[in-house]
Structure formats: C-alpha cells, structure tokens
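Engineer: Sharing a structure, written as structure tokens. Questions coming.
Residue numbers (the numbering used here), protein chains in the order written: chain A, 1 to 353; chain B, 1001 to 1363; chain C, 2001 to 2287.
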C-alpha cells in the first residue's frame, strides 16, 4: 500500500483562483518524489496541504492509511524544510540544530551525537559554536537544513531548500540529500522549479502546470518520453526542440515552413499536422538536410556546446562536442536521429508517438 | 566602415581599465586594516566585449561593480572609463548603467514611468518626444510593449527583470554593469534570458561586465571570464580556455559542474600515486615529483584504469549520467554517457584521459 | 464565537463612545442642566421639565457662543483654535521635514559615532518635559519668545524631533539603498534622487510620524499654559484658563469647543489610517 496518498486534492483561493485542481498522487514507502513546475503552478500549495499548513478545499490526504486531512501539522509527524530558514539568533548553531530534539525531549547524549552526525555530513562542524548572525547566507541555509534533518519523521516535505545556495554548494547539497535518502529511506516530497535538481534527486518527477499534474514518472522517462509539449519544453536545459509542421508521405516524412523537400523519418502511422520534438543530443549538423537555418548562438557548456540554429521553422539547438565550434551566421542543415524523435498533437499538446 | 574610423578604433582606449583596485570594509578600513573586499584587482574590458566575473558569494563581485559605477570609492588603485580617469566622476557622470540584483523597479510606478525615469534626469535635457521614442524602442527590444501601462508591482519576476534591463539600455550608456540579474528567476526563465540577453548585447555593441555565481552564465555568455575569489582575480580568459586549462586548483574548483576532480599526488616512475597509495594515472617522465592533478568528469573513462572505484550515487542529468564514486578514499565525479549501466555499489576501473589531465607542481 | 465577538465589540464601542456622546449632549444643554443634580440625558423637552426628569430642552446657544469672548479670556474660542492650528501644523511640518532629513543621513551615510548620536537623540525624551519648564520660561523671557506662536512651534518641534528621527530612520532603512543608487547611476544627483525616489516611498512613514507629532503638539498643555498665558494661547490652555471664570465654568461652551477641537485629529487620523496600518506592520516582516 502507498505510504502517502493524495485523493482528488483541491485548493481554491477565496478570490476564486484554483491553485490546485483535483490532483491524485500516491507516494510509496522510501520514495523521493519531486514536484516540478514554474512559479504559480500549485506545487508549493500542494506541499503545504500535505503538511497541514493549508486546508484543502476538497479531497483527502492519507498518511500511512490514516485520513489526516483535518489534522494539524504537529499531529502528522512530518519534517518540513523551508525555503528561507529562520534561525533563532540567541542560540548557537549547535543549539539551533539540537532544537527539534530538545522539543522532543531526547536525552542529552543522544542529542549531541545526532547534532555532530548531521553537522559533519552537511559540513558545518566548524560553525557549531557560532551564532547565526556571524554566518554567511549560504551557511545559514545549511544550518537550517541541518536543523530540519536532525530528526527522522515519517515523511519529509521540502520547499526549494537549496534555492538560495550558490550553484557549486547546491551540487554538494544535492549529493548529500541523495545519500541521506539512500541511507534512511524516509519518503520525501520535494518542491523545485529547477529541472536539473529534479532530475538529480527524484525517484519520480511530478511535473505540474496551472494546478494540474501533467506527468508523473521517473526522471529518465520524463526526459526521454515527455507526455506533453509543456513537459518537453520545461524538462531539459535547453528544453526539447519543438518544430511545428506536418507529416507527409503516409507519415514517412516531415515537412515544415521553408523546406525545399520533406525530411524523411522512420515510418509513422499517420499524416497531418504535428509538432516534432527532439532533444539537442539527437540533432546533428548535416549539410545535405533540407531543414536549413543560420547559427544564431554557439554556447559553450563545459563538457559540450549547444549551437542554436535559427530558421523559418523557429529555433533548434544541437548538442555538439566541446571543441566543435560553429561560426555565427553560417548556414547549416539539421538532421534528427530517428531514435530521439517524438511527435506531439499541435491542438492538444499531447503525445502522438 | 571607412578607413579613418578603423584607425580610430585601433587606438581607442579600452572601455574599462582597473589597475590595482583595493577596497576594505569594516573596523579600521580607513587606517588600511579591515576586511578586504577587493585586493589589487586588474581588469581590462575591450569595446563590445562581454566579460563575466564569476565568483562565490562574498568574493567581492558586487563591490567591484559598485566601484566601477562610482557608488564606492576605492582605497587604492585606478578606474578609467574609455581612457578617462573616473575616480573624480560622480556616478551620474560616468555614463554607465547598473542593473541591481535585489532592486529592479520602482514598485508603484508603471513600466513606462520606470523606463522613462533614467531619461528624465534633469541633466539629460531630453524632450518629451525623444523620451517617448526611446522608451518605445527599449520596450520593443525587450518584448514588454504590452506591459507599458502596468504598475511594476503587478509584473511577474521575468517581466520585471526584462523591464529592469530595459531601464539600463534605454539611455544607451557606454558600459553595462549587471549584478546577477537572473539570480532570482526560475531556472527555465534564466536559461531563456541567458540566450536572449547575450544576443541583445551583441546587437547593442556595448561592452558588458556581468557578475554572477552561476557557472552556466559564465560559460555560455562570456567572451571572457574573470574568476574572482576572496577579492582577487584568479584567472581570466575565454570560457573554453579557463575551463580546459585552469591555472591553479583554486581556479579549477570555480568552474565546472560537476567540478573538476583534484588529487594531491606523487610521481612514482611514470605513475601518479596518492599519498595513501592509490594509483590514478600515467604520468609523463618529465613531470614534477609532487603535484596536484586535475581531470574533468567528462574525461574519466569507465574501464582500463589501474585502480578500482566504487559507485556511490548515480544521478540522471538528461543527456548524461553523473557517477559519484570513490577511488580509494578519494571522491571521484564521472560524467558518463546516458546509456551507462553502472548502479550504486558497482565497481569500475576509471581511466583518466592523459592528454586532458592538468598538472600543477606542489611544494 | 460570533456572539462573543459582537459582545466585545459592543462593550468596546460603548466605552469609547459614551464620553463623546456625553460631550455632545452637554454641548446642547443650558449651563444649569449640565450641573443639575439629576442627570439630564434625553434632549426632548419642549417646556421646562421637572427637576427630577431625565429630559431637558436642547439649545444650540453654546455653539453660537463659541464666538463670544468670555470673562477672564482675551479672545473667543475660534481665535484660540486658530492658534492651535497654526502652532500644531507648523511644528508638525518642521518635525517631519527635519526628522526625515536627519534620519536619511543616519540611514544612508557612515556617520562617525552613529549609535551614540542616535542614543543622544533618544535620551532627550528620558526626562519629563515639565522638569525644564522653569529654565525654558526664563530663557523665553530673555529672547522675547514667551507668548508667541514661534516660541511654541520651536518648543514642540524640538520635543518631537527625537521621535521623528527614530521613526523615520526605521522607515528609511526599509527602503533599499538601490532605489536612489539606481537613480544616481541613471544621471540624477543625490538630492534629486532623494526627492524623486525616496520621498514618495517614505510617504507612509511621514504620515505616521506626522500623526504622532500632531497629536502630541495639539494636546500639549503644560508648556502652553506656562509660556503662553498672555498671547498665542492654544485651546487646552484656554479651556484651563476658563476655570477661574467668575461666572463659573461655561460647560456647554467647553463641551462644544472640545468637540470642535477633537474633530481635526480624528479626521486626519482617519485620512491616513491606511498608512498607519501599513506603518505599524512595517519592518516586522523582512525577507
């Protein structure tokens, strides 16, 4: 049986805005689920309803089989990690971290051991004797995280806990959270707008937009088989290339604006208007291709480069080797690796093939 | 372009030149003590150049921009704008535009009023018609025309930042200073604006100093990157150069996600070996006896190496996978292809691509 | 729950409203009715009622007599109200303007010994003002300031300045420095940036500060009584002066005058109440 279940959960604000629209979600024991979406998609509201910080307008929250919809946050045995931590300024870092244990009346020795353990893992051992105001913003955030993680609740709820950290610190904290999860297997619901973070951390990514769940699947599936155009665009950096056009020749070829002849694809069943999607790693320069455009941007990314090619069809990014420079303004042809081509319905935004 | 103009361009002084700029804050700052925010910074910015200053929080990035803008006075060193000593110039007289990280717009004013504000400065003496024309131009360039009559506080984060940048370009200044303009935006929006703003800067042909802690911005946007750590410039160069050949372990740590793998090693014959006896890679015969070696995660191959490594965590990064592994007691990051089948707990024998290994002698 | 809420509100309203209602009633009584042994509360009588009755015959006499110069006073109520308005408004204006300017300096520049200065400013409020009433009186006599508008304007401004500096510093600290720095990089001087950018943002703070300064100057009694017993007498001092009236205290006129006197403060506070509420929560939420 699932550990945490959301049943037709719904939230409508007093002004009539439907922040969350009847979502269903089941989280298995030990699972790390990431709610991913742009600002205002309802992901934080959903999290706060699980925590009991917001009351759902309709629907139920089940935790370990009990209906907890009407219970207070304190009655739910949850750990909530906030985006901005308020540390107690009059307490030292060690006392701040120990605070949740002190509240739970854990024995002194046990408490100290737990604080030392979590401090070492997060890398704040050297700061334990300091006061919060002596710390940088990033360190304060780490202390806040330590304070939240020192206790082991039935379920973790995390609201963009790494949002204010530098990108290099964020990488280390991601690794830490992942290890923590592997060791403790506490089911976790994590909210972020950063798709890279979602891909790294999640057992399952739940992509949300406008209060609805668009897709809930493991990161690899969300990445390679997005359920909708929105997911295709939102996941991946840069997102999936999307070109509007139509399938011709019984679905065996693709045609879009400004092409001299259609681009052959592996045989597809139907003809008609489609949006063709392909990840940048499935796009390559091919001088003979009829899909032609000019190089508008050639961005270095470290291990690779992304060449953005602009044509009548819009923009397409191709992932290339770190040393394969493209000259701005050059005309190039583009070809898609058939294995990476996905087709979407331009009317509904849903997946065709 | 005609020949005389060309010659003039040739002798034209750099858009910005900093020499030995030092700035201290805190107790005793005036007496030459106090925490150093900037420590002997030298920086030259060419015409039309896009320079990204990359550094962690607290490195002195914002102080650097504020010093260039004239909002801070350096304790030592010189600031020259287009060959002119700027130390005596008030911020208003420097003809630079600064986009702040935390402040973007006057909340109660409309987008139009915000855009017109820099132009309406009494010293500028622009007519109403000229102001309107420039506001329309900037709004079009940044795709905010339909927002012109909306109050700034009703904008979304992305729209707000577009207008903030519009406020900077509307004056057509001689230099743009950008203080982490994308930091507070959603990741997806950040990615879109990176591309869009880079192209905009190219169109405007105005030099830019862009300050950030986001490596992606440094790598993808910069003509040249300057790494700033603890108030000092550690290295400058093209993104490709700084990424492939960091001049010190410090510089290596600043750039790259996941970061470069660094090991303190000793050379035994033609092998690099760590202090605790783990053999890592082949070494050149002429290499130093003691060194720090660095290898990028994408230059670690998954078999054929001299020692065993254990996979700890595997992360899915879209087009590739990242293995967090341990070789001996040392952490090792590997950027593996998407089809890599290794799981947590698996063993493999990492090989470093020796042509890409960077070696720094160690005392 | 709802019933409790209503009850609390009713009790609160009665406590606040009864004195005002009594004042309004008194203002339409004859003097004899105001000091009658049996309280008169119902203004419905047309003929002279019995002494034990609750009703009385209302009259607007006291309102028209506000223009009358009573024995023992030198001018009518309206003239004294004029003094109060002039002194209150001017001193409030001075306090807010000077306080804002001073607070801006403390908020934006590195002032040597900033904390000590601010503490000194605050320390001027530690002592009860009346403790210095005699030295001030002597000084004012020397400078010919006793019994003048200027004298009280100066005095109230000085007393309210510390409050004004501290309040305004709090408000100005909340306005990001980047607001005027952006303007300065955009080509404005600091003074222009202050006027164009900081002042509009500081409106709330200035309104809140003005309310406090005005109330304190408007109601001040001790100094007004001692310094200005001859000229430029404000309303509180005028009312107190009537106590020595040979005809006895003219209660209906005092009640009518008090209503007129309280009205501007109420109107002003209602006008800026939106700012007041924001001002009270200002600074408590910080990201």
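Ideal Cβ placement from N, Cα and C applies to all residues, glycine included.
Ignore the nearest five residues each way along the sequence and tell me which others in residue 196(A)'s own chain have a CB closer than 8 angstroms to its CB.
Structural biologist: Contacts found: 237.
Engineer: Pull up the CB-CB distance for residue 55(A) and residue 20(A), whole angstroms please, since I reckon it's below 8 angstroms.
Structural biologist: Between residue 20(A) and residue 55(A) the Cβ distance is about 12 angstroms, and since that is not below 8 angstroms, they are no contact.
Engineer: Rounded to the nearest angstrom, what separates residue 2040(C) and residue 2050(C) at their Cα positions?
Structural biologist: Residue 2040(C) and residue 2050(C): Cα-Cα distance of roughly 11 angstroms.
Engineer: Between 1191(B), 1139(B), 1238(B) and 1107(B), which lies nearest to residue 1151(B) when the distance is taken from Cα to Cα?
Structural biologist: Closest by alpha carbon: 1107(B).
Engineer: Three Cβ pairs or more, each shorter than 8 angstroms: is that satisfied between the region 2186-2206 of chain C and the region 1085-1104 of chain B?
Structural biologist: Yes, the region 2186-2206 of chain C is in contact with the region 1085-1104 of chain B.
Engineer: In chain C, which residues lie less than 9 angstroms from residue 1123(B) when you measure between Cβ atoms?
Structural biologist: What residue 1123(B) touches in chain C: 2187, 2188, 2189 and 2192.
Engineer: Quick one: which chain C residues come within Cβ less than 7 angstroms of residue 1118(B)?
Structural biologist: By Cβ distance, chain C contributes 2186 and 2187.
Engineer: Count the other CB atoms, across all protein chains shown, that sit within 10 Å of the CB of residue 1261(B); report buried if there are 16 or more and exposed otherwise.
Structural biologist: Buried is the call here.
Engineer: Name the chain C residues whose beta carbon is nearer than 8 angstroms to that of residue 1102(B)?
Structural biologist: Near residue 1102(B) (Cβ distances below 8 angstroms), the residues of chain C are 2176 and 2178.
Engineer: Does the separation of the CB atoms of residue 301(A) and residue 1227(B) fall below 7 angstroms?
Structural biologist: Not in contact: residue 301(A) and residue 1227(B) (Cβ atoms no closer than 7 angstroms).
Engineer: Note down the Cα distance separating residue 2210(C) from residue 2092(C), rounded to an integer number of angstroms.
Structural biologist: Taking the straight line joining both Cα atoms gives about 6 angstroms.
Engineer: Fully enclosed by the region 1211-1251 of chain B, which alpha helix (DSSP H) runs are 4 residues long or longer?
Structural biologist: If we require 4 residues or more, the alpha helix (DSSP H) runs fully inside the region 1211-1251 of chain B come out as 1215-1221 and 1239-1244.
Engineer: Would you mind telling me which residues of chain A sit closer than 9 angstroms to residue 1223(B), beta carbon to beta carbon, in chain order?
Structural biologist: Simply none; closest approach about 11 angstroms.
Engineer: On the DSSP letters alone, give me the boundaries of the alpha helix (DSSP H) that residue 1078(B) sits inside.
Structural biologist: Counting along the chain, residue 1078(B) falls outside any alpha helix (DSSP H), though it belongs to the beta strand (DSSP E) covering 1076-1081.
Engineer: Assign residue 1333(B) to one of three DSSP states: helix, strand, or coil.
Structural biologist: Note: residue 1333(B) maps to strand in three-state DSSP.
Engineer: Take residue 1294(B) and list the residues in its own chain whose beta-carbon comes closer than 6 angstroms to its own, dropping the five residues that flank it on each side.
Structural biologist: Same-chain partners within the cutoff: 1252, 1260, 1262 and 1358.
Engineer: Within the continuous alpha helix (DSSP H) that includes residue 1294(B), where are the two ends?
Structural biologist: Per DSSP, residue 1294(B) belongs to no alpha helix (DSSP H); it is in the beta strand (DSSP E), 1290-1295.
Engineer: Identify, in the order they occur along the chain, each residue of the same chain with its Cβ nearer than 6 angstroms to the Cβ of residue 2268(C), setting aside the five sequence neighbours on each side.
Structural biologist: Contacts found: none.
Engineer: Would you mind giving the Cβ-Cβ distance between residue 1300(B) and residue 1350(B), rounded to the nearest angstrom? I have them listed as a contact below 8 angstroms.
Structural biologist: Rounded, the Cβ-Cβ distance is 5 angstroms, consistent with contact.
Engineer: Could you tell me if residue 2284(C) is buried or exposed, where buried requires 16 or more neighbouring beta carbons within 10 angstroms of its beta carbon?
Structural biologist: Bear in mind that a pLDDT of 37 at residue 2284(C), under 50, signals an unreliable position, so the number given afterwards is only what the model happens to contain. The residue in question, residue 2284(C), is exposed, as its Cβ has fewer than 16 Cβ neighbours within 10 Å.
Engineer: Give me the Cα-Cα distance between residue 349(A) and residue 244(A), rounded to the nearest whole angstrom.
Structural biologist: Distance between the alpha carbons of residue 349(A) and residue 244(A): 11 angstroms.
Engineer: Out of curiosity, what's the CA-to-CA distance linking residue 224(A) and residue 330(A)?
Structural biologist: C-alpha separation (whole angstroms): 30 angstroms.
Engineer: What residue ranges within the region 7-69 of chain A form continuous alpha helix (DSSP H) runs of no fewer than 4 residues, ordered along the chain?
Structural biologist: If we require 4 residues or more, the alpha helix (DSSP H) runs fully inside the region 7-69 of chain A come out as 43-51.
Engineer: Output yes if chain C places a C-beta closer than 7 angstroms to the C-beta of residue 1091(B); else output no.
Structural biologist: Chain C contact via Cβ: present.
Engineer: Would the region 2233-2241 of chain C and the region 2208-2224 of chain C be scored as touching if the rule is three or more Cβ pairs under 8 angstroms?
Structural biologist: These segments touch.
Engineer: Identify which residue in 1236(B), 1275(B) and 1217(B) has its Cα closest to the Cα of residue 1224(B).
Structural biologist: Comparing Cα-Cα distances from residue 1224(B) to each of 1236(B), 1275(B) and 1217(B), the minimum goes to 1236(B).
Engineer: Are the C-beta of residue 220(A) and some C-beta of chain B separated by less than 7 angstroms?
Structural biologist: Residue 220(A) counts as touching chain B.
Engineer: Going by other Cβ atoms of all chains shown within 10 Å of its Cβ, with 16 needed for buried, is residue 124(A) buried or exposed?
Structural biologist: With 16 or more Cβ atoms within 10 Å of its Cβ, residue 124(A) is classed as buried.
Engineer: In angstroms with no decimal places, state the Cα-to-Cα distance between residue 1120(B) and residue 2159(C).
Structural biologist: Each residue's alpha carbon lies about 40 angstroms from the other.
Engineer: What's the C-alpha gap between residue 2182(C) and residue 209(A)?
Structural biologist: Going from the Cα of residue 2182(C) to the Cα of residue 209(A) covers about 36 angstroms.
Engineer: Note down the Cα distance separating residue 2101(C) from residue 2256(C), rounded to an integer number of angstroms.
Structural biologist: The straight-line gap from Cα to Cα measures roughly 39 angstroms.
Engineer: Decide if residue 240(A) is buried, meaning its Cβ has at least 16 other Cβ atoms within 10 Å, or exposed.
Structural biologist: Label assigned to residue 240(A): buried.
Engineer: Do the region 2115-2124 of chain C and the region 2050-2068 of chain C make contact, defined as three or more Cβ pairs closer than 8 angstroms?
Structural biologist: No: fewer than three Cβ pairs fall under 8 angstroms.
Engineer: Around the Cβ of residue 288(A), are there at least 16 other Cβ atoms within 10 angstroms (buried) or fewer (exposed)?
Structural biologist: It is exposed - the Cβ of residue 288(A) has fewer than 16 other Cβ atoms within 10 Å.
Engineer: List the residues of chain B that residue 2181(C) touches, going by C-beta distances under 9 angstroms, in chain order.
Structural biologist: Chain B residues near residue 2181(C): 1066, 1069, 1071, 1091, 1098, 1100 and 1103.
Engineer: What's the gap between the Cα of residue 163(A) and the Cα of residue 2133(C)?
Structural biologist: So the alpha carbons of these two residues sit roughly 59 angstroms apart.
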